[in-house]
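Participant: First the structure, which I've put down as structure tokens, then a few questions once you've had a look.
2 protein chains.
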Amino acid sequence: MSQDRRGGGRRSKLGRSGGGIAQLPWQSVKNPYPPMQMLDEERMEQLHKTSMRILSELGIRVMSERVMDLFAKAGAIVDRESNTIRIDESIVTEALRKAPSSFTLTSRNPDKQVEFGGNSLVFGLVAGPPNVHDRVNGRRPGNLPDYQNFIRLAHHFNAIHIIGNQVVAPIELPANSRHLDTYYANLTLSDLSFHCTAIGRARAMDGINMMAIARGISVEEMRASPGVTTIISINSPRLFDDAMAEGLIAMAEHGQPVTVTPFTLMGAMTPVTLAAALCQQNAEALFGVTLTQLVNPGTPVMYGAFTSNVDMKSGAPAFGTPENAKANIIAGQLARRYNLPYRTSNANASNVVDLQAAYETEMATWGAVLGGANLIYHAAGWLEGGLTASYEKLVLDVEILQNMMEFLRPLPFQEDDLGFEAIKSVPAGGHFFGAEHTMSRYTTAFYQPMLSNWQNHGAWQEAGGKDALERATELWQQALHDYEEPVIDPAIREELDAYVARRREEIAANPEA
Amino acid sequence: MSQDRRGGGRRSKLGRSGGGIAQLPWQSVKNPYPPMQMLDEERMEQLHKTSMRILSELGIRVMSERVMDLFAKAGAIVDRESNTIRIDESIVTEALRKAPSSFTLTSRNPDKQVEFGGNSLVFGLVAGPPNVHDRVNGRRPGNLPDYQNFIRLAHHFNAIHIIGNQVVAPIELPANSRHLDTYYANLTLSDLSFHCTAIGRARAMDGINMMAIARGISVEEMRASPGVTTIISINSPRLFDDAMAEGLIAMAEHGQPVTVTPFTLMGAMTPVTLAAALCQQNAEALFGVTLTQLVNPGTPVMYGAFTSNVDMKSGAPAFGTPENAKANIIAGQLARRYNLPYRTSNANASNVVDLQAAYETEMATWGAVLGGANLIYHAAGWLEGGLTASYEKLVLDVEILQNMMEFLRPLPFQEDDLGFEAIKSVPAGGHFFGAEHTMSRYTTAFYQPMLSNWQNHGAWQEAGGKDALERATELWQQALHDYEEPVIDPAIREELDAYVARRREEIAANPEA
Chain F
1 MSQDRRGGGR RSKLGRSGGG IAQLPWQSVK NPYPPMQMLD EERMEQLHKT
51 SMRILSELGI RVMSERVMDL FAKAGAIVDR ESNTIRIDES IVTEALRKAP
101 SSFTLTSRNP DKQVEFGGNS LVFGLVAGPP NVHDRVNGRR PGNLPDYQNF
151 IRLAHHFNAI HIIGNQVVAP IELPANSRHL DTYYANLTLS DLSFHCTAIG
201 RARAMDGINM MAIARGISVE EMRASPGVTT IISINSPRLF DDAMAEGLIA
251 MAEHGQPVTV TPFTLMGAMT PVTLAAALCQ QNAEALFGVT LTQLVNPGTP
301 VMYGAFTSNV DMKSGAPAFG TPENAKANII AGQLARRYNL PYRTSNANAS
351 NVVDLQAAYE TEMATWGAVL GGANLIYHAA GWLEGGLTAS YEKLVLDVEI
401 LQNMMEFLRP LPFQEDDLGF EAIKSVPAGG HFFGAEHTMS RYTTAFYQPM
451 LSNWQNHGAW QEAGGKDALE RATELWQQAL HDYEEPVIDP AIREELDAYV
501 ARRREEIAAN PEA
Chain A
1 MSQDRRGGGR RSKLGRSGGG IAQLPWQSVK NPYPPMQMLD EERMEQLHKT
51 SMRILSELGI RVMSERVMDL FAKAGAIVDR ESNTIRIDES IVTEALRKAP
101 SSFTLTSRNP DKQVEFGGNS LVFGLVAGPP NVHDRVNGRR PGNLPDYQNF
151 IRLAHHFNAI HIIGNQVVAP IELPANSRHL DTYYANLTLS DLSFHCTAIG
201 RARAMDGINM MAIARGISVE EMRASPGVTT IISINSPRLF DDAMAEGLIA
251 MAEHGQPVTV TPFTLMGAMT PVTLAAALCQ QNAEALFGVT LTQLVNPGTP
301 VMYGAFTSNV DMKSGAPAFG TPENAKANII AGQLARRYNL PYRTSNANAS
351 NVVDLQAAYE TEMATWGAVL GGANLIYHAA GWLEGGLTAS YEKLVLDVEI
401 LQNMMEFLRP LPFQEDDLGF EAIKSVPAGG HFFGAEHTMS RYTTAFYQPM
451 LSNWQNHGAW QEAGGKDALE RATELWQQAL HDYEEPVIDP AIREELDAYV
501 ARRREEIAAN PEA
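Those sequence lines, one after another, are chains F and A.
Residues in the first sequence are numbered consecutively from 1, following the UniProt record's numbering.
Residues in the second sequence are numbered consecutively from 1, following the UniProt record's numbering.
Here's what the structure looks like:
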């Protein structure tokens, strides 16, 4: 955890059990089950048609001249007075024809390449909270040391596949250059792919440049083998802001994947009905998807969904609700209709890592998995509706994700797995503890949890009677203790250092640089 | 909660919101989605064939002469020396032809009739723990006042459809007659159907007789309209005990539904592989199902599953594991193959109402729902692997069940629900809080949770910063305060009193009576 680890990291062993904590090896997760079809074809068509009416009759308001030019050139109706772009279905169809149905992200460790599309399932670290919390040190504003710790945890826990946008904002650092510090932490403390902050062109380009340096390839080479990604939010309803547009364009121009995610809380940013929210989400997402293909045909692009409801008593956002679970499933049907990879989330709205945090996260996770999600964003560490990154929540989430990974693992089904001979070998009323069939399999037969405690009540109390939250604290402390910094070529580290130093100066001289 | 409530219960309003606690109305829950098919037809056939080999080549050991006679008469090979019954597939097939594919249970309140079969989903109260726990009074042995409180809570919370077998054992009462006290509590403090203790014939008959009295009908009339049920466990592997057999026979003779549930923890009572555990579970369940039809063709019978794993380090039972979730799904495929209603559970193995209790329960609940369960037994209040009935866990579970009920509610999908006009009415970047479309729907658009708190962090802290566990304590206290005892005809109460008094005397004179 300290500075001195940076230089002398021992070699990270891929798939090791992670120090003292039992965990699953790094793996590409596949969902072998067909996604749930919550709506029939007729209703899906109704959603689609209404979305197309929203795009062609109401349009999307944009702030960027560049975006208006691109759409005008493609045949859209651009009203420069109201900054509104209206597009026909044919323009969307043409864009969808060009967008790939899957793509990969390759980090500086090629063994940790992740695929988006098909039945692949990728878990991303929480992104964006201004605050951080753990049970030892309490709630505090985001800062670089905590940022670095979260990156260490994301590297240590194999269930986390990619780093999202700024797990906590290091607010003690200058706003215009802190992305350099977070990218640097991502690239030196982990070997995972990450999400660039695509607010404006410069931040996106810094992410692209630094990943290329870390991989020892050119930005041009990275075009064919993307290394970073970003999520472009739509300011629902129907508003696409300038900085986001610039970020999207920079990413797309360089062939780096973009996810377009409308921020659609039912009753606030969309109508109160789920069907309407999905129509609006779909229109907004397809607008962004279309833009990526107008910028650079063939750009990898993911269909993003973030539809949940608000508490109608207070207007506060709610997550992990039944409505959110349904939205997660139907949004997957929409993404597949357009042959696009699908991103969603498994958020919760609890203020503390408690029962609510657990059951809301489970509800949303199951919705995402049943919906055939390819990326579950914010999958580890999200608390307080996204306002806090939590150490204990990260541990809880890794356990939830590992349980899901095991649920998705196909059943062994060889003749011997059917166990007739084993059953024959044990008398009626006997037990199988010592049977050869058991002994030869027992170490790997079942998922071995990290957080669950299965002691009987007496033994559990004897051992201190710690509940799962207390154990979660011990687990992140243990993980930080066991963490091994991934090796990096000193020449590459020097190049990264030099890049950051140069860019820091440029930004200090000209904050818009 | 006190004795004096018994006399003067106010009229219970079906579907009321439950005093101060927001809850869903009493309802028959339907699962509108097709169950998950985790195994293909070929693999299902392998499970079936292996089960049939277990029944015909290895057989089931039974202690009851009566059971051996029944099977011998049906053509099974009965070895009276080893007490083993071996049966051919044809005998099973013939029994399955006679078993109904669904049935109903009618309590003394006909509005609370519950259906088992098709896509109905019934939630049962936890059954069987010797201990009880709440955060105020700690952990203690089961006793009648706590038993009564749990029945009040089961009556109060609309998500609980039926009462399982002895939610806690009132161990201060004589073992041979305490079932009279618990049945009496079930029938006077609630208006739900319940589960008879079918250990021996007498306890089953008392349940049947007392429900008939409470409904004001004869035992003969109840044959055509069952009012109580029971679960017959198999002592896996392949052992069927005498008392259970007597209970099953008494229930079947009187046309009351029976669920046959092998107690199959992988690695202990079955081989360590899930495929083998399912083969064994299936053989044992079908043996019991067949027995019900030999006793009384047409007896309603449910396929029960309780397959989970043990902790291979300690041998302790584990629940809500990925393996348990898979078992819940595949067991449903088996039950449907035989055209039988399907019972499973959503247990957890935590020692305390914590994150683990929540995520393990969620895992098992989703497995059960995706598996097309018709009955989720132990659905509210199960803790410590079934050794403790917990007040706070009951509240957590009711919230989890209500969330699931809302998830299963089909989406409104009228033209107006698609919301084009509503979207048109709000400018880009605006909000929908005050829109007419929102205002006319906002009170009912979303599920209103009982336990979740969606305040922002400041408001939540201002209000005391209570976590969900603390709120759960307040909620069961509030529920007991708000509880209204259901009205009962004084003549019926007198008859129940007289029945219990008479039987208590008979049992005191002859414990086997």
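Built from N, CA and C at the ideal position, the CB exists for glycine as well.
Quick caveat: nothing in here was measured; it's all calculated off a predicted structure.
Please report the distance separating the alpha-carbon of Asp482 of chain F from that of Asp111 of chain F.
Facilitator: Looking at the backbone, the Cα of Asp482 of chain F and that of Asp111 of chain F are separated by about 21 Å.
Participant: Does DSSP classify His133 of chain A as helix, strand or coil?
Facilitator: strand
Participant: Just how far apart, CA to CA, sit Asn346 of chain A and Glu45 of chain F?
Facilitator: 37 Å
Participant: Counting only Cβ-Cβ distances shorter than 7 Å, please list the residues of the segment 276–310 of chain F near chain A, keeping chain order.
Facilitator: Ala276, Cys279, Gln280 and Asn309
Participant: Going by DSSP in three states, Lys49 of chain A sits in which element: helix, strand or coil?
Facilitator: helix
Participant: Within this structure, are the beta carbons of Thr299 of chain A and Pro257 of chain A separated by less than 9 Å?
Facilitator: yes
Participant: Would you please state the rounded distance, in angstroms, between the beta carbons of Pro262 of chain A and Tyr303 of chain A? I believe it to be under 8 Å.
Facilitator: Tyr303 of chain A and Pro262 of chain A do not touch by the CB rule: their CB atoms are close to 10 Å apart, not below 8 Å.
Participant: Write down every uninterrupted run of the beta strand (DSSP E) in the segment 60–118 of chain F whose length is 3 residues or greater and which is fully enclosed by it, in chain order.
Facilitator: 60–62, 77–79, 84–86, 103–105 and 114–116
Participant: Classify Gly7 of chain F as buried or exposed, calling it buried when 16 or more other Cβ atoms lie within 10 Å of its own Cβ.
Facilitator: With a pLDDT of 34 at Gly7 of chain F, under the threshold of 50, the modelled position of that residue is not reliable, and no figure is offered here.
Participant: For the segment 402–429 of chain F, list every residue whose C-beta sits within 7 Å of some C-beta in chain A, in sequence order.
Facilitator: Asn403, Glu406, Phe407, Leu411, Pro412, Phe413, Asp417, Leu418, Gly419, Phe420, Ala422, Ile423, Lys424, Val426, Ala428 and Gly429
Participant: Determine the burial state of Asn297 of chain A: buried for a count of at least 16 other Cβ atoms within 10 Å of its Cβ, exposed for fewer.
Facilitator: For the record, residue 297 of chain A in the displayed sequence is Pro; it is not Asn. Burial is judged here by how many other beta carbons sit within 10 angstroms of a residue's own beta carbon; Pro297 of chain A has fewer than 16 and is exposed.
Participant: What's the call for Glu42 of chain F, buried or exposed, on a 16-neighbour Cβ count within 10 Å?
Facilitator: Classification of Glu42 of chain F: exposed, given that the 10 Å Cβ count is below 16.
Participant: Got a sec: is the Cβ-Cβ distance from Leu469 of chain F to anything in chain A below 9 Å?
Facilitator: yes
Participant: So residue 515 of chain A contacts chain F; which residues on that side make the cut at Cβ distance below 8 Å?
Facilitator: This structure gives no information on residue 515 of chain A, because the portion of chain A shown stretches from 1 to 513.
Participant: What are the uninterrupted segments assigned as alpha helix (DSSP H) that are 4 or more residues long and contained completely in the segment 319–390 of chain F, given in chain order?
Facilitator: 322–337 and 355–370
Participant: What residues in the segment 233–249 of chain F have a beta carbon less than 8 Å from any beta carbon of chain A?
Facilitator: Asn235, Pro237, Arg238 and Leu239
Participant: State the DSSP-derived secondary structure class of Asn309 of chain A, mapped to helix, strand or coil.
Facilitator: strand
Participant: Could you give the first and the last residue of the continuous alpha helix (DSSP H) run that contains Tyr184 of chain F?
Facilitator: Its alpha helix (DSSP H) spans residues Arg178 to Leu189.
Participant: When the Cβ atoms of the segment 359–374 of chain A are set against those of the segment 353–368 of chain F, are three or more pairs found closer than 8 Å?
Facilitator: yes
Participant: Give a yes or no on whether 9 Å exceeds the smallest Cβ distance from Ile54 of chain F to chain A.
Facilitator: yes
Participant: Taking 9 Å as the CB-CB cut-off, is Glu57 of chain F touching chain A?
Facilitator: yes
Participant: So which residues on chain A does Val78 of chain F lean against when the C-beta distance must stay under 7 Å?
Facilitator: Near Val78 of chain F there are no residues of chain A at all, since even the closest Cβ is about 14 Å away, more than 7 Å.
Participant: For chain F, is any of its Cβ atoms less than 9 Å away from the one on Met363 of chain A?
Facilitator: yes
Participant: Run through DSSP, which three-state label would Lys30 of chain A get?
Facilitator: strand
Participant: Three or more beta-carbon pairs under 8 Å between the segment 150–157 of chain A and the segment 411–421 of chain A, yes or no?
Facilitator: no
Participant: Under the three-state reduction of DSSP, which class applies to His481 of chain A: helix, strand or coil?
Facilitator: Of the three classes helix, strand and coil, the one that applies to His481 of chain A here is helix, per DSSP.
Participant: With C-beta atoms as the reference, is Leu451 of chain F less than 9 Å away from Gln356 of chain A?
Facilitator: In contact: Leu451 of chain F and Gln356 of chain A (Cβ atoms closer than 9 Å).
Participant: Could you tell me which of A:Ala159, A:Tyr183 and A:Met405 sits nearest to residue 539 of chain A, measuring between CA atoms?
Facilitator: As shown, chain A starts at 1 and ends at 513. That puts residue 539 of chain A outside it, with no answer to give.
Participant: Quick check on this structure: which residue in A:Leu187, A:Asp134, A:Ser120 and A:Thr321 has the alpha carbon closest to the alpha carbon of Ala445 of chain F?
Facilitator: For the residues A:Leu187, A:Asp134, A:Ser120 and A:Thr321, the minimum Cα distance to Ala445 of chain F belongs to A:Thr321.
Participant: Would you tell me roughly how many angstroms separate the C-alpha atoms of Val487 of chain A and Ile400 of chain A, rounded to the nearest one?
Facilitator: Distance between the alpha carbons of Val487 of chain A and Ile400 of chain A: 29 Å.
Participant: I want to see whether chain F comes within less than 9 Å of Ser177 of chain A, judged by CB atoms only; does it?
Facilitator: no
Participant: Val126 of chain F and Trp366 of chain F: beta carbons closer than 9 Å?
Facilitator: no
Participant: For Ser56 of chain F versus Glu89 of chain F, is the C-beta distance shorter than 9 Å?
Facilitator: yes
Participant: Is the distance from the Cβ of residue 557 of chain F to the Cβ of Gly200 of chain F below 9 Å?
Facilitator: Given that chain F is displayed from residue 1 to residue 513, the structure contains no residue 557 of chain F and the question cannot be resolved.
Participant: What residue from F:Thr270, F:Tyr391 and F:Val228 has the CA that sits closest to Arg139 of chain F's CA?
Facilitator: F:Tyr391
Participant: If you run the structure through DSSP and keep just helix, strand and coil, what is Val272 of chain F?
Facilitator: coil
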